[in-house]
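Data first, discussion second: the structure below is written as structure tokens.
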DNA sequence: GTATACAGGTCTCATTTAGAGACCTTCTTT
DNA sequence: AAAGAAGGTCTCTAAATGAGACCTGTATAC
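Protein chains in written order, with our numbering: chain A, 76 to 204; chain B, 76 to 204.
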């Protein structure tokens with residue numbers, strides 16, 4: 076039996092879990108950081124080439140795009156496919172795992188969008204104190 | 076009328092939106108970064124004092140805890156309450172806004188937990204290539 | 001009374017990470 | 001022959017993070 080109101084963190088701890096090297100944290104870091112979020116949202120509607128992503132995300136650098144894509148690829152969330160056109164072109168798309176994740180991400184984004192007014196109000200109050 | 080399969084990012088762009096200074100992004104940065112996630116998970120089960128949080132999150136520094144709490148407070152997600160005991164003690168808890176957010180966060184964490192096996196497998200494959 | 005402890009921070013400095021942008025390679029078009 | 005495109009990598013600088021010393025005010029211990 077398990078108490079229901081313990082909170083996830085406490086459950087983990089009860090199982091001898093150490094937040095310091097938590098694998099879930101690593102995944103969330105990859106998936107919820109600034110750039111990966113935007114990359115995933117762009118891939119929502121279908122495969123994209125490297126330079127398409129660059130153009131779609133105007134303020135990302137090649138370096139960070141490469142790194143975000145590599146992390147997502149390594150975690151099995153994004154698939155990288157090379158076509159030997161000349162010059163070779165590369166296509167990135169969501170895997171099944173990635174497709175399964177997207178709804179959660181979009182739910183978060185929707186929440187943020189819907190709460191924006193409250194948040195902006197809260198910030199104003201906080202700042203003039 | 077709005078096409079449904081456009082993707083959120085494209086919808087935003089159609090509305091003249093510029094990802095560069097997107098307010099949603101800022102909120103997500105505060106809410107989904109490494110430490111804030113853990114702070115929020117700890118607050119899931121009720122108010123906590125500053126030093127309680129420090130002890131609960133063994134590898135966080137005071138500096139980062141303070142900063143995470145300030146950001147969350149400023150965004151109206153966490154409430155800070157000072158009691159004038161001596162020495163004064165400070166209690167942090169979720170606001171209604173924060174309570175509304177938590178389910179989404181936990182959904183993400185559950186997904187990560189449930190997908191961990193797939194992810195670890197994907198990583199292994201990636202690494203030996 | 002002096003010394004030590006605790007609450008909740010801030011400040012400084014060393015280390016990591018991110019960002020800007022030059023450069024690379026292979027083929028194609030002009 | 002020169003320039004351009006694709007998909008990156010490399011270098012250098014700037015910003016964020018982490019470790020930990022220090023601060024302020026009361027309380028308790030010696």
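Cβ coordinates follow ideal geometry from the N, Cα and C atoms, glycine included.
### Task
Look at the alpha carbon of residue 160 of chain A and the alpha carbon of residue 126 of chain A, and state the distance between them as a whole number of angstroms.
15 Å
### Task
Go ahead and pull the three-state DSSP assignment for residue 128 of chain B.
helix
### Task
Rank B/97, B/100, B/145 by C-alpha distance to the C-alpha of residue 168 of chain B and give the top, closest one.
B/145
### Task
Figure out for me which residue from A/190, A/104, A/108, A/122 has the closest Cα to the Cα of residue 174 of chain A.
A/122
### Query
What residues from chain A crowd round residue 235 of chain B, counting only those whose CB sits closer than 8 Å?
Because chain B spans 76 through 204 in this model, residue 235 of chain B falls outside it and cannot be assessed.
### Task
Compute the beta-carbon to beta-carbon distance between residue 102 of chain B and residue 108 of chain A, rounded to the nearest angstrom, for a pair I have assumed lies under 8 Å.
Not a contact, Cβ separation roughly 14 Å.
### Query
Exposed or buried, residue 176 of chain A, counting other C-beta atoms within 10 Å across all chains shown (16 or more means buried)?
buried
### Query
Mind pulling the chain B residues with CB within less than 9 Å of residue 148 of chain A?
197, 201
### Query
Do you know how far the Cα of residue 202 of chain B is from the Cα of residue 195 of chain A?
43 Å
### Task
Answer with buried or exposed for residue 163 of chain A, where buried requires no fewer than 16 other C-beta atoms within 10 angstroms of its C-beta.
exposed
### Query
Below 8 Å, can you find three or more Cβ-Cβ pairs linking the segment 84-100 of chain A to the segment 131-139 of chain B?
yes
### Under 8 Å from the C-beta of residue 116 of chain A: neighbouring residues of chain B
82, 83, 84
### Query
Which chain B residues sit within Cβ distance under 8 Å of residue 102 of chain A?
187, 190, 191, 194
### Residue from A/99, A/124, A/116 with nearest C-alpha to residue 82 of chain B
A/116
### Query
Do we get a CB-CB distance below 8 Å when we pair residue 176 of chain A with the residues of chain B?
yes
### Task
Output the distance between the C-alpha atoms of residue 111 of chain A and residue 143 of chain A, rounded to the nearest integer angstrom.
6 Å
### Query
Does DSSP classify residue 169 of chain A as helix, strand or coil?
strand
### Query
Per DSSP, residue 199 of chain A is paired with what?
DSSP, once it has assigned bridges, lists no residue as partnering residue 199 of chain A.
### Task
Identify the continuous beta strand (DSSP E) that holds residue 156 of chain A and give its terminal residues.
153-158
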